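Trainee: Provided herewith is a single structure, encoded as structure tokens, for subsequent inquiry.
Numbering (the numbering used here), first residue to last: 2 to 769.
This is the structure:
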């Protein structure tokens, strides 16, 4: 009844668990990179509000299709979510009004073209005479054109953005494609984030269904009992309900990481049930007393299972110390949910079995299966006769892995883990090829004087920065006040494209009054200059490059900045979402390495509390560190980079793999006390009793984590595949290397002093 009440309470919290509408901030709020970005946002507002629609098709330059294309921006501009949209039909040319000494604007074309000749004349005018719009609305080299849709900044991080993209923008684009037989490429961060979020939502349901099916199937395959399978599925289902409840209770948003927790709880919860049910059935075979069997399940396996769940939770809890909101939320929710699934298993399984009749002979047959017996006998034989071979193999694997570790590269990018086969991911690549990228890299220039931006000396320094940006293929052409000033000079000289350049000091005297007298000029300048005229921005767009490449580009840019902008007169800061993410990746990797060290330390403390002996701590850690080293080596050989999604593997896998060690050593100690400190007998007895459960749980964990490899996200695939492989190696390590070490060091560890005051109580066999 208490469990039911808690479940009902947590179910009321589900309404607060919703998918994140904001981008995950990896860096702490007070990190210098974050502080600089926040300063930029205060001056110029949200920068990730642009959606891009692009077409690369020569047939677009026919009257019907051309006019339909321009109607899209007009239709989108009508919606409240859109600040403004700009297409070729919205282009306004600057024209000099000599009489009033100002620039006036006139449309590129006054009425929709009716013939192909008129369309081509517009194209020629745009491509050859209006360089201001090059790489903004068109690509002169390839003939690609695009429409810019600027969302209102206050809706970018709200559900309104999702509704606009899914229910307004997408249907409008699909209708245009169908009516005109033209493929439209859609990109931009608001669009990508919306489609990505929808993908995560779909995958979470898929993972839940697959995890339940796979674990239930494997569980039934081993136990051949509908009853045991049904009880286990009840436990993990309630665990999933609690996990969602915790996300809502803590008011966390569902991110790409927290979305993994419910299926993770299924995968981790089933091994708990395997150990408890297996022990119950083994006890039933021994003496046929249900009450005594359940009593021993709780006292013998319950304590060991508590320790295994504590170590698993500790592996996840170390993410809390990364000071990253994304990982902290993941760590808190995962560790709390893991402890909750332990409590549920320990209470529900014995309670249900206490009301049910004794297991029948058919339910116990799996304990005597010949193929399982053969595996355990093979393990015993290997440990008994081939320990030298085991040690040689271990040393060779360590050496090979160490070579692989030195081949690992550190990398990470905003888009590399996104689903490659999805259309929106393909459109990102298209945008990179045609216009240089979608991720803004911002340069915030502080002239340290009001109205310092419009000084010609400042503009010339900005042009030097612009030149180095043009030399870097990973960056697009920049957009800044420079473009407006150059366009103003071109307009002053009757729109001659040869004059699209910075004015001389003398020319500036004549042109500046025209700019100041022009209506709407302040609004245009406000995009690039703050209200005081002290700060300006220069924006370029970056391709999806890794942190390693970005560091080299950053060095190159800083060298030019330091040369062009004297520090006494200027402060130039590189910022933008892309840079914040890439800096966050490096920060995260460093912190995750620390969290892995912390996980090892915490688990060592648990081991020390259990066994009260430094040798036993070392012996217990060796079989669990080896799989991590092997995984790191494999990553090096296969070229899998070290990034947030792959470094998570080590803390997660270590926290789970050490569970087998605890179960084995707990049983080993019980056998030592029962056999009066006979090591060999105790090791083989522990291998036979816990070996079956360890094999079962490892197979469940292997296939359970393998479920994540069906994901379309590269990071989730890496997490699933690498954790699965690591846990499989950990099982072999705990079943072969651990017993071998215990046998080889029997004289140094098998005595009453080592195991005095046992932390896991052992009931004598005759206890009722």
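Just so it is clear, CB atoms sit at the ideal spot from N, CA and C, and this is done for glycine as well.
If you're wondering where the values come from, they're calculated on a predicted model, not measured in any experiment.
Count the CB pairs spanning the region 722-739 and the region 329-349 that are closer than 8 Å, and state whether there are at least three.
Mentor: The answer is no - the region 329-349 does not touch the region 722-739, with fewer than three Cβ pairs under 8 Å.
Trainee: So, are the CB atoms of residue 462 and residue 560 less than 8 Å apart?
Mentor: Not in contact: residue 462 and residue 560 (Cβ atoms no closer than 8 Å).
Trainee: Using the three-state DSSP reduction, which class does residue 244 fall into: helix, strand or coil?
Mentor: Three-state result, residue 244: helix.
Trainee: Near residue 620, which residues of its chain fall below 6 Å by C-beta distance, leaving aside the five closest residues on each side in sequence?
Mentor: The answer, listed in chain order, is 742.
Trainee: Relative to the C-alpha of residue 486, which residue among 479, 512, 241, 292 is closest?
Mentor: Of the candidates 479, 512, 241, 292, the one whose C-alpha sits nearest the C-alpha of residue 486 is 512.
Trainee: If we ignore side chains and look at the alpha-carbon of each, how far apart do residue 56 and residue 62 end up?
Mentor: Each residue's Cα considered, the two are about 11 Å apart.
Trainee: Classify residue 355: buried if its beta carbon has 16 or more other beta carbons within 10 angstroms, exposed otherwise.
Mentor: Classification for residue 355: exposed.
Trainee: Give the DSSP bridge partners of residue 447, in chain order.
Mentor: Bridge partners of residue 447: 536, 572.
Trainee: Given the structure, does residue 701 come close to the ligand FMN, in the sense that its CB is under 7 Å from one of the ligand's heavy atoms?
Mentor: As far as ligands go, the structure on display features none, and thus does not contain the ligand FMN.
Trainee: Alpha carbon to alpha carbon, how far is residue 739 from residue 693? Give it in angstroms, no decimals.
Mentor: The straight-line gap from Cα to Cα measures roughly 16 Å.
Trainee: Below 8 Å on the Cβ atoms is my guess for residue 237 versus residue 54; work out the distance and round it to an integer in Å.
Mentor: That pair is no contact at about 45 Å.
Trainee: Applying the criterion that 16 or more other CB atoms from any shown protein chain within 10 Å of the CB defines a buried residue, is residue 529 buried or exposed?
Mentor: Buried, because 16 or more other Cβ atoms sit within 10 Å of the Cβ of residue 529.
Trainee: By Cβ distance, which residues of its chain are closer than 7 Å to residue 766, with the 5 residues on each side in sequence left out?
Mentor: At residue 766, the pLDDT of 43 sits below 50, so the modelled position is not reliable and the matter cannot be decided from this model.
Trainee: Cα separation between residue 132 and residue 193?
Mentor: Near 29 Å, if we compare the C-alpha coordinates of residue 193 and residue 132.
Trainee: Using a threshold of 8 Å, state whether the C-beta atoms of residue 541 and residue 586 are closer than that.
Mentor: Not a contact, by the Cβ cut-off of 8 Å.
Trainee: In the DSSP assignment, the beta strand (DSSP E) including residue 188 goes from what residue to what residue?
Mentor: Unbroken beta strand (DSSP E) run through residue 188: 186-188.
Trainee: Could you tell me the boundaries of the beta strand (DSSP E) in which residue 147 lies?
Mentor: 145-152 is the extent of the beta strand (DSSP E) around residue 147.
Trainee: Would you say residue 664 and residue 309 are within 8 Å of each other, going by their C-beta atoms?
Mentor: Yes, the Cβ-Cβ distance between residue 664 and residue 309 is below 8 Å.
Trainee: Would you say the region 340-347 touches the region 697-708, given that touching needs at least three Cβ pairs under 8 Å?
Mentor: No contact exists between the region 340-347 and the region 697-708.
Trainee: How long is the line joining the alpha carbons of residue 48 and residue 85, rounded to whole angstroms?
Mentor: When rounded, the distance between both Cα atoms is 14 Å.
Trainee: Pull up the distance between the alpha-carbon of residue 226 and that of residue 4, whole angstroms please.
Mentor: Distance between the alpha carbons of residue 226 and residue 4 is about 25 Å.
Trainee: Rounded to the nearest angstrom, how far is the Cβ of residue 444 from that of residue 553, given a contact under 8 Å?
Mentor: In fact, because the Cβ distance is near 17 Å, the residues do not count as touching under 8 Å.
Trainee: Do you know whose CA, among 503, 21, 657, 736, lies nearest residue 260's CA?
Mentor: Of 503, 21, 657, 736, the residue nearest in Cα terms is 21.
Trainee: Which one of 601, 337, 555, 37 has the shortest CA to CA distance from residue 248?
Mentor: Here the closest residue by C-alpha is 337.
Trainee: Under DSSP, the alpha helix (DSSP H) around residue 737 begins and ends at which residues?
Mentor: First-last for residue 737: undefined, no H or E at that position.
Trainee: Give me the DSSP bridge partner(s) of residue 155.
Mentor: Residue 155 pairs with nothing; no bridge assigned.
Trainee: When the Cβ atoms of the region 64-84 are set against those of the region 143-161, are three or more pairs found closer than 8 Å?
Mentor: Flag = yes, the region 64-84 and the region 143-161 touch.
Trainee: Going by Cα to Cα distance, which pick from 399, 683, 349 is closest to residue 633?
Mentor: Checked all of 399, 683, 349; the closest Cα to residue 633 is 399.
Trainee: Below 8 Å on the Cβ atoms is my contact criterion, and I expect residue 502 with residue 490 to pass it. Report the Cβ-Cβ distance as a whole number of Å.
Mentor: Correct: roughly 6 Å between the Cβ atoms.
Trainee: Just how far apart, CA to CA, sit residue 221 and residue 649?
Mentor: Each residue's Cα considered, the two are about 31 Å apart.
Trainee: Mind checking who residue 182 pairs with in its DSSP beta bridge?
Mentor: In DSSP, residue 182 forms no bridge with anything.
Trainee: Quick check on the DSSP output: what are the complete alpha helix (DSSP H) runs of length 4 or more inside the region 402-485, in order along the chain?
Mentor: You should have 424-436, 457-472.
Trainee: In this structure, does DSSP put residue 196 in helix, strand or coil?
Mentor: Helix, per DSSP.
Trainee: Could you please give the first and the last residue of the uninterrupted beta strand (DSSP E) stretch that includes residue 105?
Mentor: 103-108 is the extent of the beta strand (DSSP E) around residue 105.
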